[in-house]
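What follows is a short report on a single structure.
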Amino acid sequence: MTQNGMLILLVEDDEHDVFFFRRALAKAELQFPLRLVVDGEQAVQYLSGEGQYSDRAAHPLPDVIFLDLKLPYLGGMEVLEYIKNQPALRDIDVIVLTSSPEERDRKRAFELGAKEYLVKPAAPKTLQQLLTIHTFPKAEVKL
Amino acid sequence: MVADHMTEVSHVENRDAWLAAIVESSDDAIITKDLNGIITSWNQGAQRIFGYSAEEAIGKPVAILIPPDRRNEEPGILARLRQGQRIDHYETVRQRKDGTLVEISLTVSPLKSADGRVVGASKIARDITLRKQSQQALRDSEERFRGVVDNISQMAWTATESGEATWYNRRWYEYTGTTFDQMKGRGWRMLHHPDHMQRVVTNFDECLRTGRVWEATFPLRGKDGRYRWFLSRAIPIRDSTGKIQLWFGTNTDITELQEAREALASSHQELEKRVAERTSSLTEAIAQMEEFSYSVSHDLRAPVRAMQGYAQATLEDYGDNLDERGREYLNHIVRSGERMDRLVRDLLVYSRIARTDLQLQPVSLDRLVSDIVSHYPEMQQPKAEITARGPLHSVIAHEPSLTQAISNLLNNAVKFVAPGVKPEVELYSERQEDRLRLWIHDNGIGIKPEYRSRLFGLFERIHNSKHYEGTGIGLAIVRKSVERMGGKVGMESNGRGSKFWIELASAQTD
Numbered sequence: 000m001t002q003n004g005m006l007i008l009l010v011e012d013d014e015h016d017v018f019f020f021r022r023a024l025a026k027a028e029l030q031f032p033l034r035l036v037v038d039g040e041q042a043v044q045y046l047s048g049e050g051q052y053s054d055r056a057a058h059p060l061p062d063v064i065f066l067d068l069k070l071p072y073l074g075g076m077e078v079l080e081y082i083k084n085q086p087a088l089r090d091i092d093v094i095v096l097t098s099s100p101e102e103r104d105r106k107r108a109f110e111l112g113a114k115e116y117l118v119k120p121a122a123p124k125t126l127q128q129l130l131t132i133h134t135f136p137k138a139e140v141k142l
Numbered sequence: 000m001v002a003d004h005m006t007e008v009s010h011v012e013n014r015d016a017w018l019a020a021i022v023e024s025s026d027d028a029i030i031t032k033d034l035n036g037i038i039t040s041w042n043q044g045a046q047r048i049f050g051y052s053a054e055e056a057i058g059k060p061v062a063i064l065i066p067p068d069r070r071n072e073e074p075g076i077l078a079r080l081r082q083g084q085r086i087d088h089y090e091t092v093r094q095r096k097d098g099t100l101v102e103i104s105l106t107v108s109p110l111k112s113a114d115g116r117v118v119g120a121s122k123i124a125r126d127i128t129l130r131k132q133s134q135q136a137l138r139d140s141e142e143r144f145r146g147v148v149d150n151i152s153q154m155a156w157t158a159t160e161s162g163e164a165t166w167y168n169r170r171w172y173e174y175t176g177t178t179f180d181q182m183k184g185r186g187w188r189m190l191h192h193p194d195h196m197q198r199v200v201t202n203f204d205e206c207l208r209t210g211r212v213w214e215a216t217f218p219l220r221g222k223d224g225r226y227r228w229f230l231s232r233a234i235p236i237r238d239s240t241g242k243i244q245l246w247f248g249t250n251t252d253i254t255e256l257q258e259a260r261e262a263l264a265s266s267h268q269e270l271e272k273r274v275a276e277r278t279s280s281l282t283e284a285i286a287q288m289e290e291f292s293y294s295v296s297h298d299l300r301a302p303v304r305a306m307q308g309y310a311q312a313t314l315e316d317y318g319d320n321l322d323e324r325g326r327e328y329l330n331h332i333v334r335s336g337e338r339m340d341r342l343v344r345d346l347l348v349y350s351r352i353a354r355t356d357l358q359l360q361p362v363s364l365d366r367l368v369s370d371i372v373s374h375y376p377e378m379q380q381p382k383a384e385i386t387a388r389g390p391l392h393s394v395i396a397h398e399p400s401l402t403q404a405i406s407n408l409l410n411n412a413v414k415f416v417a418p419g420v421k422p423e424v425e426l427y428s429e430r431q432e433d434r435l436r437l438w439i440h441d442n443g444i445g446i447k448p449e450y451r452s453r454l455f456g457l458f459e460r461i462h463n464s465k466h467y468e469g470t471g472i473g474l475a476i477v478r479k480s481v482e483r484m485g486g487k488v489g490m491e492s493n494g495r496g497s498k499f500w501i502e503l504a505s506a507q508t509d
């Protein structure tokens, strides 16, 4: 938890989807800090604190991750698998945000430990529900 | 003494008469002659065979019975007689009184005087014409049989009851290039293929032992060294007591049949292989198709979503800076984007239904319909009224697919109504034996009979898109999903709305 509220890590390679996500957050009046990585490899580097992300103070671990599935290099499922196998990352909620309505993707994502599965575009109302009602009580316990 | 003598004489006289009676009643000719060949006695049998009476024959040389071309036989016979030799069953030809010839079997014995000198000869002649004829007939028939069996296209043979070969037909020698000496006994084994010999011999011996008809298929080597396949069959031939006298066998060349069978088997294999190849390329095509659908859902929808999203954002953020027409244009972009997105999603649903394996189980229609209605505000009061008349019962179905089908039908039912009319939909079910038909009766605009055949096709739209939104995929999804569950769909329209129905297997067991 940062001073300004929850830290969100958005894993998204499509700049338009990044725009719509930010816009939906703004419309939901959730002024949370947001870090962006644009592929699966970067996501793993960020979470493991490697390479350009070795400074944990500058690149703190997020409270919640919004993860696209179709990503360059490592796919979203592989990132999910990586997170699941890292004890240090276990408390981070991962919300899949994808354009795939396929049942097999939904099933696989939940098997790999995703907290939620959203089909794009994310509606402001949904984000508000997820980030306040769903995650806040847990954050309060942490405090 | 006198009495004794008399008794003896009478006894002797009786014995002579008795012997004479035997001689007279014999079927054979019994003749005696002296050493000069002059006939000295002649019985009834001789008269019957040769035609001369005793009076005519006695005192005549025996040569009267000998045909001119056999006159040289007599001196030899006489010479042997003089030396006391006997001639047994000598088969020759003699001449009757009328000049015709008769075949006889002749036995000639020397007649000796009390002191042992040869004084003449007795001749017993038996007419063997009939025997000769039947022998000839047998020979002829055997000849005919061989003639036939030699000329059939099959190979044929005979063997003893212990399986030793005794005869082969011509075709056998022509094919095998062997001689009888090579074949006799069990010489035939040399023609068998080593891979089959054991099986053939075991099988043959089994039949010899049991007397069962032998039937086997095996290759035999021809004179060119190549093997051909034969269907072989042998039957035991028994005598009047039932004992097996010989085996008669045939071998029929079935190489072509066998080759045809093998060709058939290999073409069958080829076909299987081709089917497997096609199946695998089909599977690959399906996998590619799925990959394609997957890409469509991700990649094709992304730019549409972006266009739609930016148009919406422009409207929201800059709408006040635009005039009415500018805002209308942006609204068109938003709606077109929505429509495109819906089309892509519906197509994905359709292709998914067409390819997924459906697990069927009992599904309660009452619960399913109420779930669906609770999901769609436009199906609920006050916008619409959907009611069930009586219990709807349960069907055997794949729940997600049935949900898809019924929600599409209900969506249509509340959508296609005349302006200003509140949609009213009534559902009820009918059981027909083991099937259950769910009816969905609406108060909508109905469908003209001429369009009904197109109703369930893909991309078919029969209402003006200006007034009624739709992608033309909804009913195609309904039909595809119901058919995948082993059911049927249909509709009726009688001017007062439409009546759609879905028919599936009933879940009731009574």
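The listed protein sequences correspond, in order, to chains C and Z.
With the first letter of the first sequence counted as 1, position 18 gets the number 17 in numbering that gives the first Met the number 0; the numbers rise by one all the way through.
With the first letter of the second sequence counted as 1, position 189 gets the number 188 in numbering that gives the first Met the number 0; the numbers rise by one all the way through.
Backbone N, C-alpha and C fix where the C-beta goes; we use that ideal spot for every residue, glycine too.
By the C-beta criterion, the segment 123-133 of chain C is judged to be in contact with the segment 27-47 of chain C, since at least 3 inter-stretch pairs fall below 8 Å. The three-state reading of DSSP puts Z/Phe247 in strand, counting E and B together. About 5 Å separates the CB atoms of C/Tyr116 and C/Val95; that is less than 8 Å, so the two are in contact. By the beta-carbon neighbour count (other beta carbons within 10 angstroms, threshold 16), Z/Gly224 is exposed. Taking every protein chain shown into account, the CB of Z/Pro381 has fewer than 16 other CB atoms within 10 angstroms, so this residue is exposed.
Spanning the alpha carbons of C/Leu6 and Z/Ala475 requires a straight line of approximately 46 Å. Counting C-beta atoms within 10 angstroms of its own C-beta, Z/Arg351 has 16 or more neighbours from the protein chains shown and is therefore classed as buried. Considering only Z/Asn442, Z/Trp156, Z/Pro109, Z/Thr39, the residue with the shortest C-alpha distance to Z/Asn493 is Z/Asn442. With respect to chain Z, the C-beta atom of C/His15 has a partner C-beta closer than 8 Å. From the listed residues Z/Asp33, Z/Ala45, Z/Arg273, Z/Arg341, the smallest Cα separation to Z/Val117 is found for Z/Asp33. The Cβ-Cβ distance between Z/Val92 and Z/Pro66 falls below 8 Å.
Z/Ser452 counts as exposed, since fewer than 16 other beta carbons sit within 10 angstroms of its beta carbon. Fully contained in the segment 368-430 of chain Z are the following alpha helix (DSSP H) runs of length 4 or more, in chain order: 398-414. Taking each of C/Gln41, C/Leu79, C/Glu102, C/Ser98 in turn and checking the Cα distance to C/Ile91, the smallest one comes out for C/Leu79. Residues of chain Z whose Cβ lies closer than 7 Å to the Cβ of C/Arg22 are, in chain order, Ala312. The beta carbons of Z/Val362 and Z/Leu426 sit no closer together than 8 Å.
The DSSP assignment places 43-49, 53-56 as complete runs of the alpha helix (DSSP H) inside the segment 23-77 of chain Z, in order along the chain (cut-off: 4 residues). Think of a sphere of 7 Å around the beta carbon of C/Lys124: no beta carbon from chain Z falls inside it, the nearest being about 15 Å out.
Relative to the Cα of Z/Pro418, the nearest Cα in the group Z/Ile444, Z/Ser428, Z/Arg436 belongs to Z/Ile444. Going by beta carbons, Z/Ile123 and Z/Asp27 fall inside the 8 Å limit.
Taking 4 residues as the shortest admissible run, the segment 286-358 of chain Z contains the following complete alpha helix (DSSP H) segments, listed from N- to C-terminal end: 300-317, 323-354. Close partners of Z/Arg300 in chain C (Cβ separation under 7 Å): Ser98. Against Z/Arg344, the close residues of chain C are Pro100, in the order they occur along the chain (beta-carbon pairs closer than 8 Å). Among the CB atoms of chain Z, none fall inside 8 Å of the CB of C/Phe31.
For C/His15, the secondary structure class from DSSP, reduced to helix, strand or coil, is helix. Taking C-beta atoms as the reference points, Z/Leu230 and Z/Thr216 count as a pair closer than 8 Å. Annotation: C/Ser99 to Z/Gln268 spans about 43 Å, alpha carbon to alpha carbon. Selection Z/Trp213, Z/Ala53, Z/Asp340 evaluated against Z/Glu160 yields Z/Trp213 as nearest (Cα-Cα). Across the structure, Z/Tyr375 and Z/Gly485 are spaced so that their CA atoms are roughly 28 Å apart. Taking each of Z/Gln307, Z/Glu55, Z/Val22, Z/Glu23 in turn and checking the Cα distance to Z/Ile38, the smallest one comes out for Z/Glu55. Taking 8 Å as the cut-off, the Cβ atoms of Z/Val413 and Z/Val420 do not count as close. One thing to note: Z/Leu391 has its Cβ within 8 Å of the Cβ of Z/Ser428. Going by C-alpha positions, Z/Gly471 is about 20 Å away from Z/His440. C/Pro120 reaches chain Z at Arg304, Gln307, Gly308, counting residues in chain order whose Cβ is nearer than 9 Å. Of the candidates Z/Arg436, Z/Glu377, Z/Gln431, Z/Val394, Z/Glu377 places its Cα closest to the Cα of Z/Asn411. The segment 160-169 of chain Z and the segment 253-265 of chain Z do not touch, with fewer than three beta-carbon pairs separated by less than 8 Å.
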